[in-house]
Amino acid sequence: MSGRLHADGPECARAHRLGRRLRALREARGLTRRELACAAGVPLRTLSRLESEGVAQPGLFTVAALARVLEVTVDELVAAAGAVPGLWSTGYEGRTIDSFVAALVDAGVDAVADVRLTPISRKPGFSKSRLSAALAEADISYLHLRSLGNPKDNRAPFWDGRVGEGLAAFADVLAAEPARRELAELAELAVERSVAVLCFEQDESRCHRQAVLAELHQRTALPVAALA
Numbered sequence: 001m002s003g004r005l006h007a008d009g010p011e012c013a014r015a016h017r018l019g020r021r022l023r024a025l026r027e028a029r030g031l032t033r034r035e036l037a038c039a040a041g042v043p044l045r046t047l048s049r050l051e052s053e054g055v056a057q058p059g060l061f062t063v064a065a066l067a068r069v070l071e072v073t074v075d076e077l078v079a080a081a082g083a084v085p086g087l088w089s090t091g092y093e094g095r096t097i098d099s100f101v102a103a104l105v106d107a108g109v110d111a112v113a114d115v116r117l118t119p120i121s122r123k124p125g126f127s128k129s130r131l132s133a134a135l136a137e138a139d140i141s142y143l144h145l146r147s148l149g150n151p152k153d154n155r156a157p158f159w160d161g162r163v164g165e166g167l168a169a170f171a172d173v174l175a176a177e178p179a180r181r182e183l184a185e186l187a188e189l190a191v192e193r194s195v196a197v198l199c200f201e202q203d204e205s206r207c208h209r210q211a212v213l214a215e216l217h218q219r220t221a222l223p224v225a226a227l228a
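What follows is the structure, encoded as structure tokens:
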């Protein structure tokens with residue numbers, strides 16, 4: 001596992017979301033930090049702190065100046081920072097790593113919980129080391145929860161329409177102590193931050209993560225949304 005995560009509080013999470021959104025908008029417009037800071041009349045050091053460290057209460061005039069240059073409204077920019085804690089369901093099937101990370105940023109996701117038993121992939125960018133690095137570039141945390149992975153011999157039921165059978169078998173996995181411990185950790189994180197639960201299948205109905213998310217919803221009462 002690539003390190004455990006601890007919630008830093010809602011103010012810290014909002015600050016980091018705003019920083020991620022600023023950086024994504026700046027890069028989409030082909031601007032360097034220096035160019036954006038100069039055009040907005042904002043000190044470069046201030047912009048660097050906003051993007052890299054997160055500032056809990058950035059000045060209104062600073063945010064307004066940056067929004068003007070980035071061609072968005074203040075409301076649109078601040079809305080990205082106000083994403084509420086919650087749960088997202090996502091599969092990387094059919095995605096590129098760049099489009100996947102961009103979708104996470106747009107949704108205000110703070111952390112990705114990888115529930116693949118073995119986090120390797122033939123798709124470029126989605127093996128553990130490269131995925132965690134790509135997410136880190138966007139200031140999104142990554143954790144691999146191996147105990148919430150679906151055993152290899154229980155995957156066929158989800159793929160060939162015997163989903164009920166697959167869910168019944170996976171219930172035994174969730175009942176084991178390692179899985180209960182990781183579920184508790186994930187639930188604690190989700191009540192403070194926006195978390196995407198990741199596996200391969202784009203269609204959640206063909207993936208065991210539906211059981212993980214159902215259990216988390218029961219524990220936290222948080223809504224679950226599909227990542228577009």
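Here the sequence shown stands for residues 1 to 228, where the numbers follow full-length UniProt numbering.
Yeah, the Cβ is synthetic: ideal placement off N, Cα and C, and Gly gets one too.
Everything numeric in this text was worked out from a predicted model, so none of it was measured.
query: Over what stretch of residues does the alpha helix (DSSP H) that includes S127 continue unbroken?; result: That residue, S127, is in no alpha helix (DSSP H); it is neither H nor E in DSSP.
query: Do A226 and S48 come within 8 Å of each other at the CB atom, strictly closer than that value?; result: no
query: Inspect the beta-carbon positions of D110 and S194 and report whether they are closer than 8 Å.; result: yes
query: Since I believe L145 is in contact with L186 (beta carbons under 8 Å), could you give me their beta-carbon distance rounded to a whole number of angstroms?; result: 7 Å
query: Rounded to the nearest angstrom, what separates E215 and L36 at their Cα positions?; result: 44 Å
query: Where does R130 land, buried or exposed, given buried means 16+ other C-beta within 10 angstroms?; result: exposed
query: In the DSSP assignment, find the alpha helix (DSSP H) that holds V212 and state where it starts and stops.; result: 209-220
query: In terms of residues, what are the limits of the alpha helix (DSSP H) holding V173?; result: 163-175
query: Throw me the rounded Cβ distance for the Y142 and S127 pair, which I believe falls under 8 Å.; result: Y142 to S127, Cβ: 12 Å. No contact.
query: Can you find the residues in the same chain that come closer than 7 Å, C-beta to C-beta, to R209, ignoring five residues on each side of it along the sequence?; result: S89, V115, V197, C199
query: Name, in chain order, the residues that DSSP records as bridge partners for T90.; result: L198
query: In angstroms, rounded to a whole number, what distance separates the CA positions of Y92 and A103?; result: 11 Å
query: Quick check on DSSP: helix, strand or coil for A136?; result: helix
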